[in-house]
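Numbering (UniProt numbering), first residue to last: 1 to 66.
Structure, as structure tokens:
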């Protein structure tokens, strides 16, 4: 029996104001949507670069989590 592929996992530490509110743990479906999963992973880790400057979600504000 073949083993299931190991999917990458990324984390986001969430603050409400300056108060830590918890950690989001997200499994990426890289076996189904490999490009999308890799792009999102790089944005979460800060590896994605534009003109040698890191791009990502660090310090970003979001309105709602569904």
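Note that CB positions come from ideal geometry on N, CA and C, so glycine has one too.
Tell me whether residue 38 sits in a helix, a strand or coil according to DSSP, three-state version.
Mapped onto the chain shown, residue 38 falls at position 38. DSSP places residue 38 in helix when its eight states are reduced to three.
Should the segment 20 to 30 be regarded as contacting the segment 53 to 62, the criterion being three or more beta carbon pairs within less than 8 Å?
no
Candidates 6, 61, 11: closest to residue 42 by CA position:
Here residue 42 refers to the residue found at position 42 when the chain shown is read from its first residue. Out of 6, 61, 11, 11 has the C-alpha closest to the C-alpha of residue 42.
Does DSSP put residue 61 in a helix, in a strand, or in coil?
Working through the chain shown from its first residue, we reach residue 61 at position 61. If DSSP states are grouped into helix, strand and coil, residue 61 belongs with coil.
Environment of residue 28 [buried if 16+ CB atoms lie within 10 Å]
Position 28 of the chain shown, counting from 1, holds the residue named residue 28. Under this definition residue 28 is a buried residue.
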